[in-house]
Amino acid sequence: MSSLVMSLPDGYALLGAEEKLEALWARVSEDPYAEGALPTRVPGPWGRRKLFSTEWNRGSFELSGDELPADRPKLVHTYGACARVTLKITAPHPYTGIFAKGGAALLRFSDAKGGGAFMPSIALKFMVSGKPSQNLLALPNDYREKGDLRCFSSVYCNATVPAKELDSKLVQGAFEKAAKALGGTRLHAVYLPLHHLAGMSADGAAVESAVVPDRVEFHPTEEVKRACPDARDFRVSLGRVPSGIKLFDVRGAAKIDTKAEPMGEVWLESGFVASRYGDERLFFAHDVGPKAATPH
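For the sequence shown, the working numbering assigns the number -6 to the initial residue and increments by one for each residue that follows.
Spelled out as structure tokens, the structure:
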């Protein structure tokens, strides 16, 4: 893939949340691929060897901003499709920060593996006025059937089952080591923490006494399952989903092993766009989690 120049406007980091979303969405949606020319080539085993390096994986946590530097290719989640969405809080719950009020976000569906094995994932980017965005990353919460190419056949969750394949196990271990090297803590290996989201509001105000869900689940609605056709390329399927429908029912659990209860909904506010910018430059930073062990 050829590189794109960094293109967000000067002073982007200091903009208000809504202005940031408008600027980022403009970049994502201005250069869509033609449907018949969707790229499919992903890094091979030699190119992906860096994923086993704790040092390389530190960049996923330490890089700031919403764009990748030109010299850092996406070795996983290489291809995807993005859309504007709104998280609506529809049920009472105790969680704070972004979870308290919800709001507009950028959603990216991507394939975590590529090369014939489809492992869908979702990432939500919530803009924060004058501060870095807050990102929520989620994977299927259970093992998928081999050959399943559907985007909405899985529940997505920040706490998921460990990988079965050796290479994926090694990558997961390297990410966990990178987080620990940066002082973060984990409840278990395949866990993407939510403390940063509960500790920050969209206006940039920090939450003094954050209440954090250990687990958030995204349950696809029957409406979106009907609206998303089966296609051999998930980006084509997503491109057929009309805006204005509910994608997910959202549930939260206070502890990792307790039942998740209803808390909100994710609604689609645009069509899905597969674009070069979304694949080469759009960046969803990982969070290391709390710096000290918290009781659970």
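Here a beta-carbon is modelled for each residue, glycine too, at the ideal position from N, C-alpha and C. Remember, it's a predicted structure, so these values are computed and weren't measured experimentally.
Legend entry - Chain-order list of residues whose beta-carbon lies under 8 Å from that of E60 (same chain, five-residue window excluded): For the purposes of this step, residue 60 is identified with residue 67 of the sequence shown, where counting begins at 1. The beta carbon of E60 sits closer than 8 Å to those of M(-1), S0, L1, R274, L275 and F276, all from its chain and outside the five residues before and after it, given in chain order.
Legend entry - Continuous beta strand (DSSP E) stretch holding G73: start and end: Along the sequence shown, one-based indexing puts residue 73 at 80. According to the DSSP assignment, G73 belongs to the beta strand (DSSP E) that extends over G73 to I82.
Inset, instruction - Grab the span of the beta strand (DSSP E) containing L7 for me, first residue to last. - result: For the purposes of this step, residue 7 is identified with residue 14 of the sequence shown, where counting begins at 1. Note, L7: premise wrong, no beta strand (DSSP E); not H, not E.
Legend entry - Closest by C-alpha distance to E215, when choosing among A174, L8, D104 and L240: Taking the first residue of the sequence shown as position 1, residue 215 is located at position 222. Of the candidates A174, L8, D104 and L240, the residue whose Cα lies closest to the Cα of E215 is L240.
Legend entry - Same chain only: Cβ atoms within 6 Å of T153, ignoring 5 sequence neighbours per side: In the sequence shown, residue 153 corresponds to position 160, counting from 1. Correct list, in chain order: L132, N134 and V183.
Legend entry - Whole alpha helix (DSSP H) elements within the region 115 to 175, 4-residue minimum: List check, alpha helix (DSSP H) in window: 159 to 174.
Legend entry - Delimiting residues of the beta strand (DSSP E) encompassing V209: To locate residue 209, count along the sequence shown from 1; it is residue 216. It spans R208 to P213 - the beta strand (DSSP E) in which V209 sits, taken as one unbroken run.
Inset, instruction - Would you decide whether K106 is buried or exposed? Buried here means 16 or more other CB atoms lie within 10 Å of its CB. - result: Taking the sequence shown and counting its residues from 1, the one referred to as residue 106 is at position 113. K106 comes out buried.
Inset, instruction - Note the first and the last residue of the continuous alpha helix (DSSP H) segment covering V229. - result: As a working mapping, residue 229 is identified with position 236 in the sequence shown. Here the alpha helix (DSSP H) through V229 covers F227 to G232.
Inset, instruction - Identify whether D39 lies in helix, strand or coil by the three-state DSSP scheme. - result: On the sequence shown, residue 39 is found 46 positions in, with the first residue counted as 1. Contrary to the premise, residue 39 reads as Trp rather than Asp in this sequence. Coil, per DSSP.
Inset, instruction - Kindly indicate the opening and closing residues of the beta strand (DSSP E) around R101. - result: The sequence position of residue 101 within the sequence shown is 108, counting from 1. G96 to D104 is the extent of the beta strand (DSSP E) around R101.
Legend entry - Coil, strand or helix - R244 by DSSP: For the purposes of this step, residue 244 is identified with residue 251 of the sequence shown, where counting begins at 1. Looking at R244 - three-state DSSP - the assignment turns out to be strand.
Legend entry - Where the beta strand (DSSP E) through L261 begins and ends: By one-based count along the sequence shown, residue 261 stands at place 268. That run of the beta strand (DSSP E) goes E254 to L261.
Legend entry - Where G197 falls, given that 16 or more other Cβ within 10 Å makes a residue buried: Start at 1 with the first residue of the sequence shown, and residue 197 comes out as number 204. With fewer than 16 Cβ atoms within 10 Å of its Cβ, G197 is classed as exposed.
Legend entry - For L17, the three-state DSSP class (helix, strand or coil): Taking the sequence shown and counting its residues from 1, one reaches residue 17 at position 24. Correct three-state label for L17: helix.
Legend entry - Beta-carbon spacing of R208, I249 below 7 Å: Locating residue 208 in the sequence shown gives position 215, where the first residue counts as 1. Locating residue 249 in the sequence shown gives position 256, where the first residue counts as 1. With contacts defined by Cβ atoms closer than 7 Å, R208 and I249 form a contacting pair.
Legend entry - Given 8 Å, three or more beta-carbon pairs between the region 245 to 262 and the region 84 to 92: The region 84 to 92 and the region 245 to 262 touch, with three or more beta-carbon pairs separated by less than 8 Å.
Inset, instruction - Out of L31, M193, G232 and M120, point me to the one whose CA is closest to D272's CA. - result: The count along the sequence shown starts at 1 and reaches residue 272 at position 279. Here the closest residue by C-alpha is L31.
Inset, instruction - Note down, in chain order, each residue of its chain lying with its Cβ closer than 6 Å to the Cβ of S122, except the 5 sequence neighbours on either side. - result: Within the sequence shown, the letter at position 129 stands for residue 122. Excluding sequence positions up to five before and after S122, its CB lies within less than 6 Å of the CB of G9, A10, D196 and G197, all in the same chain and listed in chain order.
Legend entry - S268 - DSSP class collapsed to helix/strand/coil: Indexing the sequence shown from 1 puts residue 268 at position 275. Strand, per DSSP.
Inset, instruction - On a CA-only basis, which of V281, T178, R244 and N128 is nearest T83? Give me that one, please. - result: Stepping through the sequence shown from its first residue, residue 83 is reached at position 90. T83 has its Cα closest to that of R244, out of V281, T178, R244 and N128.
Inset, instruction - Work out the CA separation of K173 and R42 for me, nearest whole Å. - result: The residue given as residue 42 occupies position 49 in the sequence shown. The residue given as residue 173 occupies position 180 in the sequence shown. A straight-line Cα-Cα distance of about 20 Å links R42 and K173.
Legend entry - 7 Å CB neighbourhood of T287 in its chain, flanking five on each side removed: For the purposes of this step, residue 287 is taken as residue 294 along the sequence shown, with counting starting at 1. Note that T287 has pLDDT 49, beneath the 50 cutoff, so the model's placement of it is unreliable and the number below is only indicative. Closer than 7 Å at Cβ, skipping near neighbours: no residue.
Legend entry - Other residues of its chain near L142: CB distance less than 6 Å, five sequence neighbours each side excluded: For the purposes of this step, residue 142 is taken as residue 149 along the sequence shown, with counting starting at 1. F111.
Inset, instruction - With a 10 Å radius around its C-beta and 16 neighbouring C-beta atoms as the bar for buried, classify P62 as buried or exposed. - result: Locating residue 62 in the sequence shown gives position 69, where the first residue counts as 1. Taking all protein chains shown into account, P62 has fewer than 16 neighbouring C-beta atoms within 10 Å of its C-beta and is therefore exposed.
Inset, instruction - State buried or exposed for L100, treating a residue as buried only when at least 16 other CB atoms are found within 10 Å of its CB. - result: Numbered from 1 along the sequence shown, position 107 holds the residue referred to as residue 100. By the 10 Å Cβ count, L100 comes out buried.
Inset, instruction - Quick one: grab the DSSP three-state call for A191. - result: Along the sequence shown, one-based indexing puts residue 191 at 198. Under the three-state reduction of DSSP output, A191 falls in the helix class.
Inset, instruction - Decide if F45 is buried, meaning its Cβ has at least 16 other Cβ atoms within 10 Å, or exposed. - result: In the sequence shown, counting from the first residue as 1, residue 45 sits at position 52. Around the Cβ of F45, a 10 Å sphere holds fewer than 16 other Cβ atoms; the residue is exposed.
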